[in-house]
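Residue numbers (the numbering used here): 2 to 447.
Ideal Cβ placement from N, Cα and C applies to all residues, glycine included.
Structure, as structure tokens:
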């Protein structure tokens, strides 16, 4: 990322930084925070001149008067939106945060067998910081990600999940972030740290919802470490208010023979960007990045990915589909980077975009950067409308035009949803996506 020389929006944020230090936090955290604010001050907000941001203009975020969201007393609005949210009927542990602050009242946390830990990060930092110190800030790089740097400086809380060697967490762990912002520019900066040691297994479902409709800003970072032979599935659902801005970083490092799947479902927010960066740091592992974005009105949904093959015999697969309507925009930028040592790499990258409107647009940029000679790497991208031949094929079998369109669009979304391994989560996502699509008149060709 090139340096942004516009300081008008950066300086007020840097001045706010003095209030983030806390006596209850470990000493090693202060230098980490200071490094974050220094990096943000150096980079500033990205502009359209930055190659990695040339399709996504974050000037509307920069123009907001950004102020940290305050901890509030949880009331009926938060309870109501939680009761209506996806996944709330699922069993398992649930950590709920309101404006980025942990809410014990809305959470449901039970002890985990085998020494596993599921708690909020600020509480974990106060009592066991050595384990966290080994991982926090190690995977979400700030040198080329000003939003990750901003989060590193200002994060107040988030989830800490630690699954020891050989432990399996049988039910999904839910992380639910509720925004109750009342003023434009309120900024919520959650930080999640997920550590899955060797031979462990877990599923994490991370979702973002809101009670209000102001122009607030969520800037989230989730760091994931998967040890040797760990099995980890991470599902992120972004369903923010239509007036909100959402930037997220998901960064991970995965060990030998591990199997990690990261899903991103982007439904809400006026502008959203999900940066996913994974380092395949051990031999023989498999990493799947899988995502679906539904946009309408003038929404913009952006996914930017870097998969770094740092060891031989690893497989990575990226599958991202977008369904875009009205004057909305989808952006996909995926880069596969293969180190010289990473022979026998198998990497695939696919981005497909379905335009329901003549005014919707998609920008897609798959990239391969390969420094090894014995690899199998492919990428492909498509942008188009529903296939008339497919509609005709279905109509020729007695299916009406409207039903044919519905079936094809459902199948297009279903390609992504069916890769979610945990059945109750998959079924809930299918219902959410289909309810949104059914509310869309263009789905019926109107």
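Note on geometry: alpha-carbon atoms of residue 295 and residue 28 lie some 43 Å from one another. Sixteen is the threshold: since fewer than 16 other Cβ atoms of the shown chains lie within 10 Å of the Cβ of residue 49, the residue is exposed. Burial state of residue 156 is buried, judged by a 10 Å Cβ sphere holding 16 or more other Cβ atoms.
Residue 81 carries a helical assignment under DSSP once its states are collapsed to helix, strand and coil. Across the structure, residue 390 and residue 85 are spaced so that their CA atoms are roughly 40 Å apart. Its chain contains 119, 170 as the residues whose beta carbon lies nearer than 7 Å to that of residue 113, once the 5 sequence neighbours on both sides are disregarded; these appear in chain order. For residue 265, the uninterrupted beta strand (DSSP E) run begins and ends at 260 to 267, by DSSP. Per DSSP, residue 140 is not a residue of any alpha helix (DSSP H), being assigned neither H nor E.
Between the alpha carbons of residue 384 and residue 353 lies a gap of roughly 6 Å. Around the beta-carbon of residue 367, 16 or more other beta-carbon atoms lie within 10 Å, marking it buried. Per DSSP, the unbroken beta strand (DSSP E) holding residue 192 starts and ends at 192 to 197.
Residue 388: not part of any beta strand (DSSP E); DSSP gives it neither H nor E.
Residue 62 has its alpha-carbon roughly 14 Å from the corresponding atom of residue 302. The residue among 152, 202, 272 with its C-alpha nearest the C-alpha of residue 56 is 272. Secondary structure at residue 53: helix, using DSSP grouped into helix, strand and coil. Assigned with DSSP and collapsed to three states, residue 229 falls in coil, not helix or strand. In the assembly as shown, residue 398 is an exposed residue. Its beta-carbon has fewer than 16 other beta-carbons within 10 Å.
CA-CA distance, residue 74 to residue 320, rounds to 41 Å.
Taking the C-beta atoms as reference points, residue 381 is found nearer than 8 Å to residue 351. Annotation: the segment 363 to 420 contains the following complete segments of the beta strand (DSSP E) (minimum length 3 residues), in chain order: 377 to 385.
C-alpha of residue 240 to C-alpha of residue 219: approximately 12 Å in a straight line. Between the C-alpha atoms of residue 262 and residue 26 there is a straight-line separation of about 32 Å. Measuring C-alpha to C-alpha distances from residue 13 to each of 33, 146, 45, 72 identifies 45 as the nearest. Per DSSP, the beta-bridge partners of residue 118 are 163. The segment 174 to 181 and the segment 206 to 224 touch, with no fewer than 3 CB-CB distances between them shorter than 8 Å. The residues 95, in chain order, have a CB closer than 6 Å to that of residue 109 in the same chain once the five nearest residues on each side in sequence are set aside.
Non-local C-beta neighbours of residue 425 in its own chain, meaning closer than 6 Å and more than five positions away in sequence, comprise 91, ordered along the chain.
Counting the other Cβ atoms within 10 Å of the Cβ of residue 47 gives 16 or more, which makes it buried. In this structure, 429 is the residue among 116, 429, 78 with its C-alpha nearest to the C-alpha of residue 418. Rounded to whole angstroms, the gap between the alpha carbons of residue 39 and residue 150 is 8 Å.
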